[in-house]
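Numbering (this note's numbering), first residue to last: 2 to 634.
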């Protein structure tokens with residue numbers, strides 16, 4: 002299956018562009034490109050956020066150095082591959098110094114697909130590094146307090162290694178027992194245990210990381226208690242003191258043994274299947290309209306076939322090779338005549354036995370060579386069909402790997418978010434509990450009840466937060482449940498509006514409008530409640546100045562169309578592309594509390610219904626979310 006690829010090509014030659022696209026398709030990409038020939042067009046096309054930029058070094062009005070300059074000025078991380086007619090050491094140096102990811106000569110574009118693959122992987126690694134560093138930095142202060150609370154949901158090893166004055170683990174999560182067979186206490190008791198478990202060949206890499214203070218994601222071979230080695234990926238963040246001295250390393254380590262085994266199996270499978278496809282032999286035969294075989298070329302394994310059929314007709318084949326039945330020959334000759342009559346190539350496949358070979362599958366292509374003759378190109382596609390099945394399995398394997406990575410990322414984001422979001426409610430609970438413990442006898446019943454209510458509210462907030470995370474996790478892992486039933490949508494909306502209206506009564510005016518037959522619709526009540534509550538609460542929350550919030554519901558044929566409209570702060574254009582991603586919040590929401598889970602839950606619920614969601618928004622004007630759901634069994 003071809004991999005979609007969004008390109009921006011800075012080139013004035015249409016022929017060169019076609020050559021680039023051809024090489025990318027050969028490499029397994031499905032390129033979609035925009036073209037620019039000067040700086041103005043280039044700046045305009047950058048708004049589409051291409052994955053890769055291919056730039057000619059010399060253009061009449063623009064050049065590759067200008068391409069790189071604009072990216073630096075805009076702080077955009079988009080890989081640039083310079084494609085030029087000729088190369089010199091000076092040119093290469095200027096391109097690389099300017100930030101080019103790679104460079105190619107136009108008459109040597111065979112490496113273009115490999116180069117694009119490499120720069121995309123490097124960009125993904127850079128992005129992953131930034132995410133990990135940011136997450137670990139945010140979690141540093143409160144991470145240790147909450148790690149054990151979530152350890153049952155997180156299977157990675159979380160740790161803090163003190164560097165100065167001596168090496169020692171200050172914290173290792175309990176999950177290390179599951180992954181390596183050693184307990185946290187084993188690492189606390191023996192400061193050298195972790196070094197002794199690393200494969201000797203990997204120790205120089207560890208030493209280099211510590212000496213050069215470079216902490217890119219790295220995979221180490223670490224010995225399990227049972228003696229086997231596991232592949233452990235370390236994602237580290239260095240901790241420096243005020244003098245800039247490295248004093249500790251905080252990080253997350255995960256067992257990637259199975260993932261890397263699958264990736265290696267995937268690479269081997271793809272290489273094997275590609276070799277099989279490239280090596281498939283063809284049979285070439287010239288056949289006249291009357292069925293006479295004038296000439297034939299066969300692979301070495303079928304040389305006896307050639308000498309026995311030249312000069313004979315296809316109608317004689319059943320006598321020589323019973324696998325070729327008279328009915329098959331008749332169908333073959335009908336296609337020969339069809340090719341001669343129409344001038345169009347005829348393509349078909351057949352499965353039959355040939356002496357020495359059982360159950361072979363052949364593809365036939367009949368091409369007109371003159372008025373009375375066709376060239377029959379016969380290819381053994383047995384292994385190709387098997388290879389295609391294997392490639393399909395490889396794609397499924399790739400999807401599993403991607404799914405595993407997404408779940409790991411969700412766990413990392415969960416740890417970061419919980420460490421941040423639980424801080425305030427835990428502080429409130431602790432404060433109220435301490436006040437009750439110390440001064441309960443001197444408090445009035447009303448005052449005691451206020452503190453108890455605070456504790457309940459904060460506990461309910463944390464419980465709801467965990468429910469939201471679990472709902473997103475189930476959706477990400479494909480375990481979300483869709484349980485539709487007949488329900489009265491107008492009645493349900495009324496109940497939900499009452500819940501939202503009570504706390505917002507003094508600041509917002511809620512309007513409800515229903516059109517069409519909505520008393521019996523086939524929807525999942527639980528999912529719909531979460532969807533509407535998230536959209537309505539967001540509309541109120543992100544309209545800090547108050548105003549009207551409108552809920553519109555309409556029956557349109559077999560669908561229900563739901564709109565939630567507010568006149569709040571709106572959504573910035575640059576945030577629209579990641580609107581429904583987990584833990585993502587708008588750039589303009591600073592100071593407004595939120596977790597970044599609401600719209601992810603809404604999108605997951607809409608998908609489970611088989612529906613669609615669309616957002617229209619303008620900063621400072623307001624936002625409209627439109628949800629369209631099928632509502633009949």
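The beta-carbon is built from N, C-alpha and C at its ideal position, and this holds for glycine as well.
query                                                                                                                          : result
Min CB distance residue 214 to chain D below 8 angstroms                                                                       : The displayed structure is made up of one protein chain only, and chain D is not part of it.
Contact under 8 angstroms by Cβ, residue 39 with residue 63                                                                    : yes
Cβ-Cβ separation, residue 55 to residue 21 (assumed contact under 8 angstroms), whole Å                                        : 6 angstroms
Given residue 548 as reference, the closest of 542, 586 and 508 once Cα atoms are compared                                     : 508
Through-space distance from residue 179 to residue 218, alpha-carbon basis                                                     : 22 angstroms
Residues near residue 152 by beta carbon distance below 7 angstroms, same chain, minus five either side                        : In this prediction, residue 152 has a pLDDT of 47, which is less than 50 and means its spatial position is unreliable; nothing more can be read from the coordinates.
Buried/exposed call for residue 371, threshold 16 Cβ in 10 Å                                                                   : exposed
Among 454, 348 and 165, nearest to residue 244 - alpha-carbon criterion                                                        : 165
Sequence-distant residues of its chain with Cβ nearer than 7 angstroms to residue 581 (five each side left out)                : 600, 601 and 604
For residue 375 and residue 368, believed in contact at Cβ under 8 angstroms, the rounded distance                             : 6 angstroms
Pick from 123, 284 and 190 that is closest to residue 382, judged by C-alpha positions                                         : 284
Under 8 angstroms between C-beta atoms of residue 501 and residue 537                                                          : yes
Proximal residues to residue 33 (C-beta, below 8 angstroms), its chain only, five neighbours per side dropped                  : 5, 6, 7 and 8
Beta-carbon separation (whole angstroms), residue 299 vs residue 377, contact threshold 8 angstroms                            : Actually they do not touch by this definition, with Cβ atoms about 12 angstroms apart.
Residue burial classification, residue 347 (beta-carbon count within 10 angstroms, cutoff 16)                                  : buried
Extent of the continuous alpha helix (DSSP H) run through residue 94                                                           : 90 to 99
Pick from 331, 494, 248 and 615 that is closest to residue 516, judged by C-alpha positions                                    : 494
Unbroken beta strand (DSSP E) run spanning residue 219, endpoints                                                              : 219 to 224
Separation of residue 511 from residue 626, as counted between CA atoms                                                        : 16 angstroms
Residues that residue 294 bridges to, as DSSP identifies them                                                                  : 288
Reference residue 101; option with closest CA among 539, 271 and 78                                                            : 78
Cβ shell of residue 618 (< 6 angstroms), same chain only, five flanking positions each side left out                           : 571, 572 and 624
CB of residue 296 within 8 angstroms of CB of residue 311, strictly                                                            : yes
Alpha-carbon to alpha-carbon, residue 584 and residue 593                                                                      : 14 angstroms
Exposure of residue 575, with buried meaning 16 or more beta-carbon neighbours within 10 Å                                     : exposed
Length at least 4, wholly inside the region 423 to 474: the alpha helix (DSSP H) runs in chain order                           : 424 to 440
Residue 632 classed as buried or exposed, judged by whether at least 16 other C-beta atoms fall within 10 angstroms            : buried
Exposed unless 16 or more other CB atoms sit within 10 angstroms - verdict on residue 432                                      : exposed
Buried or exposed (CB count within 10 angstroms, at least 16 for buried), residue 246                                          : exposed
Spatial neighbours of residue 163 in its chain, beta-carbon cut-off 6 angstroms, leaving aside the 5 residues before and after : 169, 171 and 249
Residue 154 in three-state terms, based on DSSP                                                                                : At residue 154 the pLDDT is 47, less than 50, meaning the model places this residue with poor confidence and gives no usable figure here.
Inter-residue Cα distance where the pair is residue 75 and residue 438                                                         : 56 angstroms
Sequence-distant residues of its chain with Cβ nearer than 6 angstroms to residue 484 (five each side left out)                : 525
Cutoff 7 angstroms; reference residue 124; Cβ partners in own chain excluding five residues on either side                     : 78 and 80
Beta-carbon separation (whole angstroms), residue 82 vs residue 105, contact threshold 8 angstroms                             : 6 angstroms
Cβ-Cβ distance between residue 60 and residue 13 below 8 angstroms                                                             : yes
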